[in-house]
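In order, the protein sequences belong to chains H and D. Reading the first sequence from the start, the letters are residues 2 to 306 in the working numbering. Reading the second sequence from the start, the letters are residues -8 to 262 in the working numbering. Here a beta-carbon is modelled for each residue, glycine too, at the ideal position from N, C-alpha and C. On a predicted model such as this, the values are computed, not experimentally measured, just so you know. Worksheet for the structure shown next.
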Amino acid sequence: MANLSVKFCDVTFENPTVLASGILGVTASSLKNVVKNGAGGVTTKSIWLTEHIGHKNPTMFGTESYFLNAVGLSDAGIEKAKEETFPEYNKDKPAPIIANIVAYSMDDFEKLTKEITSCDPDIIEVNISCPNVDDKYGKPFSCVASQANKVTALVRESTDLPIVIKLTPNVPDIAEIASACAEAGADGFCLINTVSGMGIDIDLRMPVLTNKSGGVSGPAIKPIAVKAVYDVYKATKMPIIGTGGITTGEDAIEIMMAGATLVGVGTMVYYRGIEGFAEMTKEMNDWCDKNGVKNLDEIIGAAVK
Amino acid sequence: MDIKKFDSRFEVLPIKKIVQENETTKTFIFKYPLSSKPGQFIMLWIPGVDEKPMSIAYDDGKEFWITVCKVGPASEALHAMKEGDKVGVRGPLGTSYDFPEGSHLALVSGGYGAAPMYFVTREALKKNCKVEFLVGARDEGLLLYLDKVKDLGGDVSIHISTDDGSKGYKGYVTDVLKEVLESEKIDLVFTCGPEIMMKVVGEVSEEAGVESRMSMEKYMKCGIGVCGQCAVDNTGELVCTKGPVMNWKYLKDLPEMGKYHRDAQGKKHYL
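And the structure:
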């Protein structure tokens, strides 16, 4: 038996699999059920300052190699997080919880950070990279290094909790964006958000998703995630939640070798069901046993030269 | 590798036929081998409008029906469609009503819940079951599928109730169920309708020592176990994959059963 526990931003996780934001996790009950099924930690859906209406259905579909979604970050707002989600989850907290927050404006990020800190999550994950929110608000902050820097600095000033910035792969140089966040006081990164994409129904001759474009996740994007983690780890040597198409224990080992400490798992549940968390952990353990790895620290960043 | 296994893209189908059931309800018929079991559902995409879960009212392996009441913008848009217009379909999804050969079943429906119960009746008769078909509605005009159930023949007794007494027993369908459970030896109770009604069905059946199963309706987005929108408190399990047909034994302990629903943003609304 290998020791699968990892320390991320001074928080101990029993195993490196963490439910990624936006999958399941609408309620505290759902988050707890994910832990019951073997996840080492959970991330909330993106929380807004006020209620946020998502897109109309169809919001998602999958194929054997990828999943496409544009839910549009629907959420009941910080009040629900304060009154329901966090008190109920923290009552008999089964594993660390990462609060994912999102906002359109710098002002809202500042207010939201203060509010979410009062909910007592272990870590704050700042979503500045969702591809599926309205165009009228312009490009996500994580597309421009100076803006990513500014948001990070504001969040940094507003909380003492560890902050992790979730970045988009839809940029020419993700390491440059990450470095800009690091300078502003980020404690780590979550890489990657979904890849911008579209699917067209050829019978109806129209995009399937109501939002037309969406975010691609699932096995197809794993190489993109592995490279992003590799590049950012090499540039910053900071803690990373590696996520994007991680579906098996071997996938998890691979992205850890690129530099991830935690492994975000989301679309996997489409392919393997919620039971997949426990199965992945077993696969990681089997791999470690077979390869004489006693502690996962030995493999983090092992492939980065 | 079975490359289709993970394909949840839409099958685009023309509406073959539309039948007006009553003032607010229509049945849409599709020529497509869906091969569903009673209780299962499809995700129905009304292009340019929305996509909603719909229970299946009939499926003979060559065509299937859905019966839809006008309740909001999506169903209104569907009602405005004509024969030949195309919609997208994903499914069949979820659990079904299962029963042993030769069972004596009591099927309890409220309003348009009668449609999926018609499908159960049809399959039950094939398996030599005896069926008590209980249906309740506000008034006579809202009773659905009674002629179709009669046309099935077989060992089916129909019990009607209306809130205003315009047809059958004046009062709740659950009162009729109580009587049926007293006078008949029922093996299983299945129910589909408003959640508050289904809760009473569960309680009444339990008192009579009979197992019951409900078809749960929760806000769904993906229908395939990913988005988490239909998770129930406090187990956190999903109605789209663990259900929609679920046991009363499981449901009765849920704090939300018959009490509240969540909307598309996950906010609670008390019934």
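In this structure, H/G198 is the residue among H/E280, H/E85, H/G198 with its C-alpha nearest to the C-alpha of H/G219. Going by DSSP, H/W49 is part of no alpha helix (DSSP H) at all; its letter is neither H nor E. With a cut-off of 8 Å on Cβ pairs, the region 176 to 191 of chain D is in contact with the region 78 to 96 of chain D, counting three or more such pairs. Membership of D/Q11 in any alpha helix (DSSP H) is not indicated; the residue belongs instead to the beta strand (DSSP E) covering 8 to 13. Taking all protein chains shown into account, D/P91 has fewer than 16 neighbouring C-beta atoms within 10 Å of its C-beta and is therefore exposed.
Secondary structure at D/M207: coil, using DSSP grouped into helix, strand and coil. Take the alpha-carbon of D/N238 and the one of D/E194: they are about 12 Å apart. About 20 Å separates the Cβ atoms of H/K37 and H/G23, ruling out a contact at the 8 Å cut-off. Collapsing the DSSP output to three states places D/A105 in a helix. Among the residues facing chain D, H/A21 is not included, as its CB has no counterpart in that chain under 8 Å away. The Cβ of H/T64 sits closer than 8 Å to at least one Cβ of chain D.
Residue-level contact check: D/G257 touches chain H, since one or more beta carbons of chain H fall below 8 Å from its beta carbon. Contact of H/D202 with chain D by beta-carbon distance below 9 Å involves R0, F1, V3, W36, P38, G79.
By the Cβ rule, the region 215 to 230 of chain H does not count as touching the region 150 to 167 of chain H, because fewer than three pairs are nearer than 8 Å.
Interface residue (Cβ-Cβ distance to chain D less than 8 Å): H/L50 is not classified as such.
For the region 225 to 253 of chain D, the residues whose beta carbon sits under 9 Å from a beta carbon of chain H are, in order, N225, T226, G227, E228, L229, T232, R253. Cα atoms of H/N58 and D/E42: separation of roughly 5 Å, rounded to the nearest angstrom. For D/D138, the closest alpha carbon among the candidates D/S157, D/A105, D/T153 is that of D/A105. With fewer than 16 other beta carbons inside 10 angstroms of its own, D/L262 counts as exposed. For D/Y160, the three-state secondary structure derived from DSSP is strand. H/G246 and D/K176 have their C-alpha atoms roughly 53 Å apart. Assignment of beta strand (DSSP E) within the region 59 to 134 of chain H, counting only whole runs of 3 or more residues, yields 61 to 63, 68 to 70, 98 to 102, 124 to 128 in chain order. Distance between D/G234 and D/R113, taken at the CA atoms: about 21 Å. If you draw a straight line from the Cα of H/K295 to the Cα of H/N16, it comes to about 13 Å. As for any alpha helix (DSSP H) of minimum length 4 sitting wholly inside the region 10 to 84 of chain D, the runs are 64 to 70, ordered along the chain. Interface residue (Cβ-Cβ distance to chain D less than 8 Å): H/S47 is not classified as such. Assigned with DSSP and collapsed to three states, H/M207 falls in strand. Assigned with DSSP and collapsed to three states, H/D202 falls in strand. For chain H, the residues of the region 195 to 225 of chain D that bring a beta carbon within less than 8 Å of one of its beta carbons are K212, C213, I215, G216, V217, C218, G219, Q220, A222, V223, D224, N225, in chain order.
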